[in-house]
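Take a look at the structure below.
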Amino acid sequence: MYLVSASILIKPLLWLTLAIFLSACVANTPVSKAKHLMAMDQQAQGYYQAGDYANALEAYQFLSNEMKTEARYWYFVGNCYARLERPKEAVEAYREALVRRPDDAKAWHNLVLVEAKLLSQRMAEMSQAVPADHPLMLKVDLIHQRLNGVVFGEN
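Taking this note's numbering, the leading residue of the sequence shown gets 590, the next gets one more, and so forth.
Here it is, written out as structure tokens:
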């Protein structure tokens, strides 16, 4: 029977623990974090350009949480939600983008389009519930037609 002293077993374990600890420290340096965020940005762009809006959304949400002041990521979160037919979430994301960058014309444009689509849906709901000859319905129908003509290119 071989007897092994405790110090012989403990030293390798201490070195292994130290190596794991140091590798974890290196992985969390600002440079490695920046590289990770850049890789995630490229991955998000790839998903978005491929039309994989669900995965793009996940990636852009991660980026918007990591880089809280960056309006660009909130804008793309809004775009993903809009493409996934989730307009209420898209509106919230575009508003977050505009909090960070109030002069972002693209975010304003997309916010207006999504809200116009929601308004058009409310008007369609109203036309199902209110008699067509009601004076207010006649007015709303006219607004609805004009809105759809301008925003969605319908006649």
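Where is the CB? At the ideal position from N, CA and C, for every residue including glycine.
For residue i, three-class secondary structure by DSSP
i	result
M656	coil
P724	helix
D630	helix
D730	helix
V666	helix
A705	helix
A639	coil
P619	helix
R661	helix
L673	coil
Residues of its chain near residue i, where Cβ-Cβ distance is below 6 Å and the 5 sequence neighbours each way are ignored
i	result
Q632	A648
A718	none
S653	Y662, W663, V666
L700	Y683
M726	V719
Supposed contact pair residue j and residue i - C-beta distance, whole angstroms, cut 8 Å
i	j	result
R690	A660	4 Å
A686	D693	6 Å
V745	L702	The displayed coordinates of the chain run from 590 to 744. Any statement about residue 745 would go beyond what the structure contains.
C-beta neighbour in chain B for residue i, strict 8 Å
i	result
L702	Of the protein chains in this structure there is only one, and it is not chain B.
Residue i beta carbon near the ligand ZN (any heavy atom closer than 7 Å)
i	result
S716	In terms of ligand content, the structure shown is empty, and the ligand ZN therefore cannot be addressed.
Whether residue i touches residue j by CB criterion (8 Å)
i	j	result
F665	Y636	no
A682	W663	yes
M627	F651	no
E704	V688	no
Sequence-distant residues of its chain with Cβ nearer than 8 Å to residue i (five each side left out)
i	result
I732	M712
E714	none
Sequence-distant residues of its chain with Cβ nearer than 7 Å to residue i (five each side left out)
i	result
E655	L626
*Take every Cβ of the stretch 668-682, pair it with every Cβ of the stretch 637-652, and state whether three or more of those distances are shorter than 8 Å.*
yes
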